[in-house]
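Number of protein chains: 4
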Amino acid sequence: MKEIRIGLVGAGWMGKAHSSAMLDEQMLFGPDFGVPVFEMVADANEESAKIAQHKIGFKRMTTDWHTLVSDPDIDLVDIATPNAFHYEVAKAALENGKNVYCEKPLSISEAESKELAALAAKKNVINYVGFNNTMNPANAYVRDLVQSGKLGKIMRFVGRYDQDQLLDENLPITWRHINKLAGCGALGDLGSHLLSVSQFIMGDISAVNAMKETIFPKRPKGRDSKEMADVENEDIISLMTRYANGAIGTISASRVATGRKNYLAYEIQGTKGSVVYDLETMGEVQVYFQSDDEADRGFRRVFLNPKHKGYSAFQPAGGISIAYNDMKILEAHELFSALTQGTPYACNFEFGYKIDRTIAAILKSADNGVWTPVE
Amino acid sequence: MKEIRIGLVGAGWMGKAHSSAMLDEQMLFGPDFGVPVFEMVADANEESAKIAQHKIGFKRMTTDWHTLVSDPDIDLVDIATPNAFHYEVAKAALENGKNVYCEKPLSISEAESKELAALAAKKNVINYVGFNNTMNPANAYVRDLVQSGKLGKIMRFVGRYDQDQLLDENLPITWRHINKLAGCGALGDLGSHLLSVSQFIMGDISAVNAMKETIFPKRPKGRDSKEMADVENEDIISLMTRYANGAIGTISASRVATGRKNYLAYEIQGTKGSVVYDLETMGEVQVYFQSDDEADRGFRRVFLNPKHKGYSAFQPAGGISIAYNDMKILEAHELFSALTQGTPYACNFEFGYKIDRTIAAILKSADNGVWTPVE
Amino acid sequence: MKEIRIGLVGAGWMGKAHSSAMLDEQMLFGPDFGVPVFEMVADANEESAKIAQHKIGFKRMTTDWHTLVSDPDIDLVDIATPNAFHYEVAKAALENGKNVYCEKPLSISEAESKELAALAAKKNVINYVGFNNTMNPANAYVRDLVQSGKLGKIMRFVGRYDQDQLLDENLPITWRHINKLAGCGALGDLGSHLLSVSQFIMGDISAVNAMKETIFPKRPKGRDSKEMADVENEDIISLMTRYANGAIGTISASRVATGRKNYLAYEIQGTKGSVVYDLETMGEVQVYFQSDDEADRGFRRVFLNPKHKGYSAFQPAGGISIAYNDMKILEAHELFSALTQGTPYACNFEFGYKIDRTIAAILKSADNGVWTPVE
Amino acid sequence: MKEIRIGLVGAGWMGKAHSSAMLDEQMLFGPDFGVPVFEMVADANEESAKIAQHKIGFKRMTTDWHTLVSDPDIDLVDIATPNAFHYEVAKAALENGKNVYCEKPLSISEAESKELAALAAKKNVINYVGFNNTMNPANAYVRDLVQSGKLGKIMRFVGRYDQDQLLDENLPITWRHINKLAGCGALGDLGSHLLSVSQFIMGDISAVNAMKETIFPKRPKGRDSKEMADVENEDIISLMTRYANGAIGTISASRVATGRKNYLAYEIQGTKGSVVYDLETMGEVQVYFQSDDEADRGFRRVFLNPKHKGYSAFQPAGGISIAYNDMKILEAHELFSALTQGTPYACNFEFGYKIDRTIAAILKSADNGVWTPVE
């Protein structure tokens with residue numbers, strides 16, 4: 039049994055989610071994969087740091103993350119700051135030889151992510167990015183269907199991630215609308231999740247042809263403000279894709295998609311079968327096999343069950359709901375397994391860099407209106 | 039090629055539907071199964087009779103159906119009158135040795151239906167009741183699944199037929215609410231369709247235990263009337279069943295089922311598989327096979343296709359909508375085939391009597407609150 | 039009452055479908071909108087022409103369509119030939135001053151369609167293209183939602199038309215794969231239907247950026263042949279769109295879309311509401327209104343009912359299935375109304391030309407990989 | 039802030055689930071509602087007790103629950119034993135003046151539950167039964183719709199809880215099949231959950247008319263055994279109901295329902311609206327309002343969101359999956375709130391007794407085949 043001493047940077051909702059997932063990991067998998075010790079929490083806001091310390095039970099707190107990343111009693115730096123700070127915290131942590139767990143995205147630019155991926159490889163530490171959707175048992179199942187050849191040659195990936203959280207034009211401007219804080223708009227916030235799923239299941243995208251649209255180009259500066267500020271990035275992104283495996287596809291994302299709440303949905307068509315998935319009904323995957331008798335052939339509504347990787351951690355029988363938090367628990371488990379047992383993991387900084395490289399190509403294509411290679 | 043000279047009794051919506059289906063049968067199947075000749079239409083309302091004659095192209099019309107049923111130039115008496123008249127028209131037609139096509143129900147009482155079934159058998163003519171749902175390719179497919187043993191031993195049938203057409207308490211009283219005209223309420227109007235499907239797929243019900251409820255016991259005497267009249271029969275019927283094949287089940291029907299439009303829906307559970315069907319999405323059947331691999335197992339959403347009996351008359355490929363009228367066309371085709379080629383058919387007067395016998399047992403059970411055998 | 043003397047060119051499945059729809063129109067709407075008289079049928083295959091004459095009841099037949107289009111006793115030339123012949127038959131019919139009813143597409147090239155549209159306008163005759171999906175009560179309802187402003191400013195149209203009828207790589211080559219017969223592939227066969235719906239509801243597309251893919255570039259020359267022939271056109275088309283109304287979108291179509299049968303599906307997102315529709319469940323439209331209370335807000339599953347244009351011709355109450363044929367009946371009714379009463383109609387040759395113009399721009403864009411204006 | 043010293047009886051899956059939920063409650067709601075202290079765990083199996091002590095962090099363990107229930111340092115006895123032991127442990131705990139949290143069912147007989155409810159009332163301690171489905175935000179939302187009158191007068195409740203976990207006839211006999219351990223079969227295991235939901239939303243059932251069926255009357259004595267043992271209780275239960283509020287209904291449950299995994303599904307029809315819910319798609323409720331315009335009226339697919347009680351503990355925006363565990367967390371929160379702040383709660387021992395009283399009436403009715411009053 040090995041203790042994993044956690045240093046959490048960022049005491050907001052996501053920091054709590056990470057810590058909660060680590061505790062649940064412990065309850066579900068036991069101490070064999072490491073025991074989390076909540077060593078220190080850092081947040082620039084002292085009040086927030088103290089509340090987190092109190093609620094989660096961190097031994098120490100600080101308002102200066104530099105203290106944390108260089109502390110000798112920290113094994114794992116857990117980064118749950120706003121996106122724009124991921125780069126500098128991760129860089130400092132790596133330079134101190136720490137293992138790093140960084141919430142997605144890795145950074146807000148291709149260049150920063152490239153630097154971090156290279157540095158992590160050089161330092162030879164565990165470097166993990168929290169693209170939680172890759173932990174979803176549904177996506178793991180689909181990946182198996184695709185990579186085993188059960189669906190034949192893959193022809194097409196059609197995916198969308200739509201939400202309507204920013205539909206109300208009276209919602210004030212936030213960091214999400216400012217590029218130096220967010221990098222980009224719907225593409226980075228939502229599209230990146232879909233890209234991570236696409237990458238996980240389909241492998242590399244080789245070229246993209248994209249367009250973007252800002253539906254609400256100005257938003258109020260504050261709740262009751264009549265002054266308006268510029269929205270700097272896209273509400274909607276759309277693109278056509280070519281994959282290294284020969285497939286083609288379309289991907290889009292909107293943060294103003296009226297009626298859609300958490301519609302990370304995709305369809306994969308192969309010559310022998312197809313799958314359809316929608317995160318709004320997280321616990322089921324539609325699967326079609328061309329080899330079924332024609333009279334009885336149709337998309338099968340498969341509820342997640344213990345045959346699908348990760349599910350049995352939560353329930354002994356199929357068809358019982360699992361949730362967002364459960365993906366984070368599986369993420370914590372994969373991270374802990376890597377830390378204590380050296381097991382491999384997909385979502386390393388190289389993976390995060392690949393997503394950010396793809397995002398850069400998409401933005402470039404959207405500016406130029408032409409096909410743009412990734413890399 | 040043989041002409042089938044039609045005598046239609048009842049010139050309303052259903053009479054038009056029958057005639058239209060016969061014409062379409064002709065277009066789809068051609069003259070080999072008989073050519074309908076619209077010989078005579080009868081309706082007590084002269085205006086209605088004349089309009090039907092004109093629109094459908096009947097050679098002759100009459101306001102007295104006795105004339106029609108005894109006319110030597112009629113081969114087939116087609117009964118589309120209000121339900122309460124089915125008995126006397128069918129009886130007279132049979133006594134004149136005519137082939138008879140009677141819209142469902144066969145009559146409004148067990149006794150009348152018994153008499154008609156016996157008379158039809160004695161006269162040895164074609165005697166057909168229009169339980170159109172048995173013509174639905176979906177139900178034919180399910181019947182095959184059940185009777186072939188593909189679903190294993192059948193354990194349970196759970197069915198409902200819900201509509202909300204009579205939900206509005208201000209809708210005036212109609213013949214449907216008066217027992218001497220309708221026989222009973224939701225059970226006869228809606229439940230009988232479900233019983234026909236159940237009978238067709240599962241075979242005989244051996245015993246029932248039923249309850250009934252009238253939600254709106256009084257309705258206005260007319261559109262603008264403030265006078266109220268008694269509703270004599272049930273808005274909702276519910277029952278538990280035992281089948282001759284050993285299965286059990288529940289059946290219910292409501293004509294005040296808020297939100298339900300044409301919800302003739304059922305689920306059949308066998309030891310090796312299950313099916314779920316809902317007439318509101320007429321073109322698809324959900325099928326589950328226990329023998330599928332557990333990882334990939336789920337209800338298959340099977341769209342009707344040319345492998346299912348009757349479908350290929352309408353479309354060359356699967357997944358294209360068919361409709362209510364198409365069931366009536368298949369009904370006309372089965373009737374014409376019986377008339378010209380002697381092919382067998384399920385929905386004869388004996389079948390209609392069986393449904394009415396079951397209805398009688400259900401009503402008796404609902405009055406007494408105990409298990410009641412059918413027959 | 040006015041007779042409409044029909045001259046049908048092409049005695050195959052579609053010719054029968056047109057004739058059947060005209061007969062049903064008569065049953066449903068009566069003679070006030072004109073009475074079809076089946077005057078003459080033309081088919082190069084004498085056997086086919088004779089069978090159609092016999093089954094449908096045409097007075098005369100010919101193997102030379104030139105005879106038909108110049109016959110003085112023909113009021114309406116009904117073109118149901120293979121696509122490649124639409125142009126010359128329609129042109130000759132127009133030159134003879136005939137009213138013309140042409141199955142979609144209008145022709146197989148932008149240039150031909152342009153010429154036909156101009157000629158039809160000059161001749162001032164009824165000129166109708168059978169884009170039946172515009173007759174679907176569901177699409178009429180969605181059009182009302184969009185054009186009334188109930189959905190607010192329209193942001194996005196996402197549409198797909200997927201089928202898997204050509205998935206089997208052993209299916210031999212047909213006219214659909216040869217450009218001089220088909221014009222193009224999935225775009226012309228399937229995509230054109232979706233474009234007609236998009237045009238009908240959203241108005242003009244102003245620019246496109248497309249890609250195309252041929253999954254099976256060679257197919258056997260015949261059923262048992264080992265010789266292979268080149269497939270000349272696309273199995274899959276994908277495009278991004280900009281609409282004249284300011285919206286953006288994506289459209290795609292595949293004829294090798296494993297598991298999809300008749301998936302003409304689209305989503306329209308406006309600032310006040312959204313709709314989702316899928317032709318595989320033809321009788322229901324999903325509608326979302328942002329103005330509903332948040333606690334009770336969600337996509338409404340609206341079954342077609344008498345409030346939706348066209349539906350009440352078929353059923354007196356909502357939720358009962360209508361079908362492909364019913365769209366053709368409504369098409370016949372709109373055509374007859376135009377012929378006898380001068381009522382306006384949307385799907386004229388100008389409409390057909392607009393679709394073909396859009397197709398031309400899409401193909402050009404797919405060749406060049408850049409945004410291409412329509413017109 | 040107040041410590042809640044937990045004594046857990048039963049160290050299996052459910053004991054872990056309770057403890058995990060308490061920890062998560064802490065992370066989500068913070069110490070204001072009490073801080074759980076894991077004081078002691080009891081399990082007859084020493085090994086199990088030790089593992090639980092280690093993993094969950096209990097200070098002490100014992101193999102004799104009598105020690106635990108009388109320990110002065112225990113505030114709350116948490117009962118997660120097999121069902122048959124609930125009664126004696128709960129009784130002893132109450133007699134020692136402890137607050138008691140008992141997993142459902144309260145006991146396995148009406149008489150035992152009656153005694154426990156009376157004793158709990160007399161002792162004036164917190165007495166909580168873990169009917170977790172009442173904590174589901176979906177059911178809380180439906181309860182509001184029903185009790186606020188938004189759905190009008192309630193006419194009907196149609197519910198089913200189907201699973202197929204015991205479908206395989208080769209699965210050996212377990213405690214679930216033996217009445218002295220389980221009380222009854224599918225009714226107690228599954229039906230009781232549905233009864234708790236029905237009770238929570240609809241209030242009291244006044245009378246029932248039930249039937250039961252055992253599909254597999256014998257099962258192997260063990261995994262590899264050829265000896266067979268008698269299954270003493272029902273695989274399927276079905277009943278008709280009358281509610282104190284005037285509504286009627288049907289309820290059924292099966293543990294051999296091929297294809298159904300966690301199908302706790304119900305429909306409630308009121309004169310002004312209806313709801314449909316299915317636990318397999320836990321995060322959405324279908325709601326229908328008769329007051330919507332007819333053209334736009336349909337069941338609304340409402341995703342759970344922060345407007346629904348309990349949801350906002352987990353997610354800041356709607357449409358994100360919550361799960362089984364989350365209901366247990368809300369249960370822990372209601373329990374802790376009751377313990378530390380005296381807030382009211384529905385699922386007390388009286389509630390548990392009411393469910394067991396209803397079960398007793400159902401079993402009696404099934405034996406006699408007649409309507410049986412509840413109480």
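Protein chains in written order, with the working numbering: chain A, 39 to 413; chain B, 39 to 413; chain C, 39 to 413; chain D, 39 to 413. Ideal Cβ placement from N, Cα and C applies to all residues, glycine included. On a predicted model such as this, the values are computed, not experimentally measured, just so you know.
**Q.** Delimiting residues of the beta strand (DSSP E) encompassing residue 78 of chain C
**A.** Residue numbering aside, residue 78 of chain C sits at position 40 when the third sequence is read from its first letter. 73-80 is the extent of the beta strand (DSSP E) around residue 78 of chain C.
Q) From which residue to which residue does the alpha helix (DSSP H) around residue 184 of chain A run? A) Here residue 184 of chain A is taken as the residue at index 146 of the first sequence, counted from 1. 175-185 is the span of the alpha helix (DSSP H), which, as asked, contains residue 184 of chain A.
Q) For the 8 Å Cβ check, are there 3 or more pairs between the region 187-196 of chain A and the region 265-284 of chain A? A) yes
Q: Quick one: using the 10 Å Cβ neighbour count with 16 as the cut-off for buried, is residue 149 of chain C buried or exposed?
A: The residue labelled residue 149 of chain C in the question sits at position 111 within the third sequence. Answer is exposed; the Cβ neighbour count stays below 16.
Q.
Do residue 368 of chain D and residue 173 of chain D have their beta-carbon atoms positioned less than 8 Å apart in this structure?
A. One-based indexing of the fourth sequence puts residue 173 of chain D at position 135. One-based indexing of the fourth sequence puts residue 368 of chain D at position 330. Yes.
Q: Kindly indicate which residue of A:312, A:276, A:408 and A:272 has the alpha-carbon position closest to the one of residue 289 of chain A.
A: On the first sequence, residue 289 of chain A is found 251 positions in, with the first residue counted as 1. Looking at the Cα atoms, A:276 is the closest of the given residues.
Q.
Under DSSP, the alpha helix (DSSP H) around residue 309 of chain C begins and ends at which residues?
A. One-based indexing of the third sequence puts residue 309 of chain C at position 271. Where residue 309 of chain C is concerned, there is no enclosing alpha helix (DSSP H), given that its DSSP letter is neither H nor E.
Q) Does DSSP classify residue 171 of chain A as helix, strand or coil? A) In the first sequence, counting from the first residue as 1, residue 171 of chain A sits at position 133. Helix at residue 171 of chain A.
(Q) Taking beta-carbon pairs under 7 Å, can you tell me which members of the region 314-346 of chain D lie near chain C? (A) 325, 332, 333, 334, 335, 336, 337, 338, 339, 340, 341, 343, 345 and 346
Q: Check the Cβ of residue 358 of chain A against every Cβ in chain D and list those closer than 7 Å, keeping chain order.
A: Locating residue 358 of chain A in the first sequence gives position 320, where the first residue counts as 1. By Cβ distance, chain D contributes 300 and 362.
Q. When DSSP builds the beta bridges, which residues end up paired with residue 268 of chain D?
A. If you number the fourth sequence from 1, residue 268 of chain D lands on position 230. BP columns for residue 268 of chain D point to D:256.
**Q.** Neighbouring residues, chain B, relative to residue 353 of chain C (Cβ below 8 Å)
**A.** Locating residue 353 of chain C in the third sequence gives position 315, where the first residue counts as 1. Under the 8 Å cutoff, chain B gives 362.
**Q.** Same chain only: Cβ atoms within 8 Å of residue 382 of chain A, ignoring 5 sequence neighbours per side
**A.** Counting from 1 along the first sequence, the entry for residue 382 of chain A is found at position 344. Taken in chain order, the residues that qualify are 376.
(Q) Rounding to the nearest angstrom, what Cα-Cα distance links residue 338 of chain D and residue 75 of chain A in this structure? (A) For this step, residue 338 of chain D is matched to residue 300 along the fourth sequence. For this step, residue 75 of chain A is matched to residue 37 along the first sequence. Roughly 46 Å between the two C-alpha positions.
Q: Output the residue ranges of the beta strand (DSSP E) runs that lie fully inside the region 102-139 of chain A and measure 3 residues or longer, sorted by chain position.
A: 114-117
Q: Can you check DSSP and say which residues form a bridge with residue 288 of chain A?
A: Mapped onto the first sequence, residue 288 of chain A falls at position 250. DSSP, once it has assigned bridges, lists A:196 and A:278 as partnering residue 288 of chain A.
Q | Short Cβ contact (8 Å threshold) for residue 274 of chain C with residue 180 of chain C | A | Counting from one through the third sequence, the residue named residue 274 of chain C turns up at place 236. Counting from one through the third sequence, the residue named residue 180 of chain C turns up at place 142. Against a cut-off of 8 Å, the Cβ pair of residue 180 of chain C and residue 274 of chain C comes out as no contact.
Q | the region 389-409 of chain D / the region 156-171 of chain D touching (three or more Cβ pairs under 8 Å) | A | yes
Q) Under a Cβ-count criterion, where at least 16 other Cβ atoms within 10 Å of its own Cβ denotes burial, should residue 307 of chain B be classed as buried or exposed? A) Residue mapping note: residue 307 of chain B aligns to position 269 of the second sequence, counting from 1. Buried, since its Cβ has 16 or more Cβ neighbours within 10 Å.
(Q) Just to make sure I have the definition right: I need the residues of chain A whose C-beta is within less than 9 Å of the C-beta of residue 54 of chain D. Which are they? (A) Position 16 of the fourth sequence holds residue 54 of chain D. By Cβ distance, chain A contributes 65 and 66.
Q: Could you have a look at residue 202 of chain D and say whether DSSP puts it in helix, strand or coil?
A: Locating residue 202 of chain D in the fourth sequence gives position 164, counting from the first residue. Reduced to three states, the DSSP call for residue 202 of chain D is coil.
Q: Using three-state DSSP, classify residue 235 of chain B as helix, strand or coil.
A: Against the second sequence, residue 235 of chain B aligns to sequence position 197. Note: residue 235 of chain B maps to helix in three-state DSSP.
Q. CB-CB under 8 Å to residue 321 of chain A, same chain, minus the five flanking residues each way: which ones, in chain order?
A. If you number the first sequence from 1, residue 321 of chain A lands on position 283. So the list reads 176, 341, 342, 357, 358, 359 and 360, once near-sequence residues are dropped.
Q | Three-way DSSP call (helix, strand, coil) for residue 383 of chain C in this model | A | Here residue 383 of chain C refers to the residue found at position 345 of the third sequence. Here residue 383 of chain C sits in coil by DSSP.
(Q) Between which two residues does the alpha helix (DSSP H) holding residue 89 of chain B run? (A) Within the second sequence, the letter at position 51 stands for residue 89 of chain B. 84-90 is the span of the alpha helix (DSSP H), which, as asked, contains residue 89 of chain B.
Q: Apply the 10 Å Cβ neighbour rule to residue 364 of chain A and answer buried if 16 or more other Cβ atoms are within range, or exposed otherwise.
A: Here residue 364 of chain A is taken as the residue at index 326 of the first sequence, counted from 1. Flag for residue 364 of chain A reads buried.
Q: Could you have a look at residue 263 of chain A and say whether DSSP puts it in helix, strand or coil?
A: Counted from its first residue, the first sequence places residue 263 of chain A at position 225. Reduced to three states, the DSSP call for residue 263 of chain A is coil.
Q: Check the DSSP bridge columns for residue 250 of chain B and list the partner residues they point to.
A: Taking the second sequence and counting its residues from 1, the one referred to as residue 250 of chain B is at position 212. Its beta-bridge partners are B:275.
(Q) For residue 142 of chain A, tell me which candidate among A:225, A:265 and A:263 has the shortest Cα-Cα distance. (A) Indexing the first sequence from 1 puts residue 142 of chain A at position 104. Considering only alpha carbons, the answer is A:225.
Q. For residue 272 of chain D and chain B, any beta-carbon pair shorter than 8 Å?
A. The residue labelled residue 272 of chain D in the question sits at position 234 within the fourth sequence. Not closer than 8 Å to any Cβ of chain B, the Cβ of residue 272 of chain D fails to qualify, so no.
Q. Between the Cα of residue 84 of chain A and the Cα atoms of A:99, A:95 and A:93, which residue gives the shortest distance?
A. Residue numbering aside, residue 84 of chain A sits at position 46 when the first sequence is read from its first letter. Minimum Cα distance to residue 84 of chain A is reached at A:99.
Q) To the nearest whole angstrom, what separates the beta carbons of residue 222 of chain B and residue 94 of chain B, a pair I think is in contact under 8 Å? A) Within the second sequence, numbered from 1, the residue matching residue 222 of chain B stands at position 184. Within the second sequence, numbered from 1, the residue matching residue 94 of chain B stands at position 56. With 8 Å as the limit, residue 222 of chain B and residue 94 of chain B do not qualify as a contact, their Cβ atoms being about 32 Å apart.
**Q.** residue 236 of chain A versus A:310, A:220 and A:184, residue with shortest Cα-Cα distance
**A.** Locating residue 236 of chain A in the first sequence gives position 198, counting from the first residue. Minimum Cα distance to residue 236 of chain A is reached at A:184.
Q. Can you name the residues of chain C whose CB is closer than 7 Å to the CB of residue 200 of chain B?
A. Counted from its first residue, the second sequence places residue 200 of chain B at position 162. Near residue 200 of chain B there are no residues of chain C at all, since even the closest Cβ is about 10 Å away, more than 7 Å.
Q. Whose C-beta lies closer than 6 Å to the C-beta of residue 44 of chain B among residues of the same chain, with five residues either side of it excluded?
A. Sequence index remark: in the second sequence, residue 44 of chain B carries index 6 (1-based). Cβ within range, chain order: 74, 76, 77, 114 and 116.
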